[in-house]
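Mapping to numbering that gives the first Met the number 0: the sequence shown position 189 is 188, numbers consecutive. Okay, so here's the structure we're looking at.
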Amino acid sequence: MTDRLDGIHALITGAASGIGTACARRMARDGAQLLLADLNGAGAKALADELGQASVQADVTRAGDIERMLDLAYQRWGRLDVLFNNAGIAEIRPLLELSEDEWDRMLAVNLRAVFFVLQAAAKRMRAQAPIAGSELRGKLIQTASIAAYRGGLAYMPHYAASKAGVVSVTRTAAQVLAADRITSNCICPGAVDTPMWKKIDAQWSKIEGWQTGEAWKRRTSFIPLGRPETADDVAGVVSFLASRDSDYMTGQAVNVDGGLVMGN
Ligand SMILES: NC(=O)c1ccc[n+]([C@@H]2O[C@H](COP(=O)([O-])OP(=O)(O)OC[C@H]3O[C@@H](n4cnc5c(N)ncnc54)[C@H](O)[C@@H]3O)[C@@H](O)[C@H]2O)c1
């Protein structure tokens, strides 16, 4: 626990589960004020109540929900220092079987929504005073994935494409928004033990005719640092990116993967 996020007001999407939840807990411990957003409003509210923070039910694919979420942040704090643009979905589908609807749904949540949440937050951030103790007006943090870089996940062509898109949007936003003193970075986790990976494991193991748990076991056996990744492994890095200590970083895609991207 640190006080490095004292005075920081942050919105976290996808906060009701996995990486979003671990980051909410960590950022709260580090002193941030949080608005926890999720499609699962009850889950976000339960976590917010536990942490003494605020929550909102929101579907990030809907323009009205994006505005409502940001309205709440600005009504509450009059500003937003950090956006953790993290909500996402995963689905196992072999490349030759992937349908247009499945492609569209994946890209709608993991790329289109990430872009429009970023855009809506940036429009408001550029009009606000700098963050206390910083030269920046705001910080945008996206959750991409090492799937952006390599095919390792042969059964997730649409997911990998969406995450490559998130890296691209992160970099373009960094270039365009630097003049407004807004930074944009993303994290690229590896194989993290969350409900998302439980679903990936179940679907992937079924396709291969393996027992449940086998896809996870095989995937994590390649990790150079020798153990599966936890959501807490990601949370410390996100807290750093949300803090003033990372103010001179922008346009970066930071792998937090135990070396998995190099591992197989
Ligand atoms: N688990 C991993 O191994 C891993 C690896 C790399 C990247 N990621 C990325 O990390 C992020 C979080 O993943 P996780 O593992 O914590 O998954 P998770 O499924 O545990 O949590 C995702 C959360 O996002 C929410 N969500 C989904 N669609 C939404 C929508 N339309 N609007 C609002 N909220 C929505 C869900 O309700 C859920 O609470 C995702 O972007 C994922 O792609 C995960």
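Just so you know, even glycine gets a beta-carbon here, dropped at the ideal spot from N, CA and C. Keep in mind the model is a prediction, meaning the values are calculated, not measured.
Inter-residue spacing [alpha-carbon to alpha-carbon] between residue i and residue j
{"i": "Ser133", "j": "Ile7", "result": "11 Å"}
{"i": "Arg167", "j": "Pro129", "result": "The sequence shown places Ser at residue 167, rather than the Arg named in the question. Looking at the two C-alpha atoms, the distance is approximately 26 Å."}
{"i": "Glu90", "j": "Thr219", "result": "18 Å"}
{"i": "Ala173", "j": "Ile181", "result": "7 Å"}
{"i": "Lys44", "j": "Leu35", "result": "8 Å"}
{"i": "Ala201", "j": "Ala72", "result": "37 Å"}
{"i": "Ala147", "j": "Met248", "result": "20 Å"}
{"i": "Asp48", "j": "Asp64", "result": "21 Å"}
{"i": "Ala252", "j": "Gly208", "result": "35 Å"}
{"i": "Arg149", "j": "Ser183", "result": "22 Å"}
{"i": "Asp103", "j": "His157", "result": "9 Å"}
{"i": "Gly42", "j": "Leu224", "result": "32 Å"}
{"i": "Gln74", "j": "Arg226", "result": "43 Å"}
{"i": "Arg136", "j": "Thr169", "result": "17 Å"}
{"i": "Ile199", "j": "Gly212", "result": "10 Å"}
{"i": "Thr229", "j": "Gly19", "result": "12 Å"}
{"i": "Ser98", "j": "Ser161", "result": "15 Å"}
{"i": "Asp192", "j": "Gly17", "result": "8 Å"}
{"i": "Asp5", "j": "Gly30", "result": "5 Å"}
{"i": "Gln210", "j": "Leu95", "result": "24 Å"}
{"i": "Leu69", "j": "Glu101", "result": "29 Å"}
{"i": "Ala177", "j": "Ser204", "result": "44 Å"}
{"i": "Gly51", "j": "Gly40", "result": "16 Å"}
{"i": "Val175", "j": "Val55", "result": "29 Å"}
{"i": "Arg217", "j": "Gly250", "result": "32 Å"}
{"i": "Asp2", "j": "Arg92", "result": "43 Å"}
{"i": "Leu267", "j": "Ala121", "result": "Here the chain covers residues 0 to 263 and nothing more, so residue 267 does not appear."}
{"i": "Lys138", "j": "Pro194", "result": "27 Å"}
{"i": "Ala234", "j": "Ile11", "result": "12 Å"}
{"i": "Gly77", "j": "Gln127", "result": "9 Å"}
{"i": "Trp215", "j": "Thr171", "result": "33 Å"}
{"i": "Ala57", "j": "Asp232", "result": "26 Å"}
{"i": "Asp246", "j": "Gly262", "result": "30 Å"}
{"i": "Trp196", "j": "Arg61", "result": "25 Å"}
Beta-carbon separation (whole angstroms), residue i vs residue j, contact threshold 8 Å
{"i": "Leu79", "j": "Ala53", "result": "Incorrect: roughly 12 Å between the Cβ atoms, too far for contact."}
{"i": "Leu46", "j": "Ala14", "result": "6 Å"}
{"i": "Ala9", "j": "Val113", "result": "Incorrect: roughly 16 Å between the Cβ atoms, too far for contact."}
{"i": "Gly258", "j": "Ile222", "result": "7 Å"}
{"i": "Asp179", "j": "Arg123", "result": "That belief does not hold up - the Cβ atoms of Asp179 and Arg123 are roughly 11 Å apart, past 8 Å."}
{"i": "Ala163", "j": "Leu152", "result": "With 8 Å as the limit, Ala163 and Leu152 do not qualify as a contact, their Cβ atoms being about 12 Å apart."}
{"i": "Glu66", "j": "Ala119", "result": "7 Å"}
{"i": "Val236", "j": "Val260", "result": "No, Val236 and Val260 are not in contact; Cβ-Cβ is about 15 Å, not under 8 Å."}
{"i": "Val59", "j": "Val116", "result": "5 Å"}
Counterpart residues of residue i in DSSP-defined beta bridges
{"i": "Lys198", "result": "Lys198 pairs with nothing; no bridge assigned."}
{"i": "Pro188", "result": "Val255"}
{"i": "Leu34", "result": "Leu10 and Ala53"}
{"i": "Asn84", "result": "Gln141"}
{"i": "Ile181", "result": "Gly137"}
{"i": "Glu96", "result": "Paired residues: none, contrary to the question."}
{"i": "Glu213", "result": "Bridge partners of Glu213: none, in fact."}
{"i": "Glu228", "result": "Val191"}
Subject >> Cβ pair count under 8 Å reaching 3, the region 102-116 against the region 78-88 >> reply: Contact holds between the region 102-116 and the region 78-88, because three or more Cβ pairs, one in each stretch, are under 8 Å apart.
**OP:** Could you tell me whether the region 137-146 touches the region 170-188, where touching means 3 or more Cβ pairs closer than 8 Å?
**Re:** Verdict: yes, contact present.
Original post:
Is it a yes or a no for the region 13-31 touching the region 235-254, going by three-plus beta-carbon pairs under 8 Å?
Top reply: Taking 8 Å as the limit for Cβ pairs, the verdict is that the region 235-254 does touch the region 13-31.
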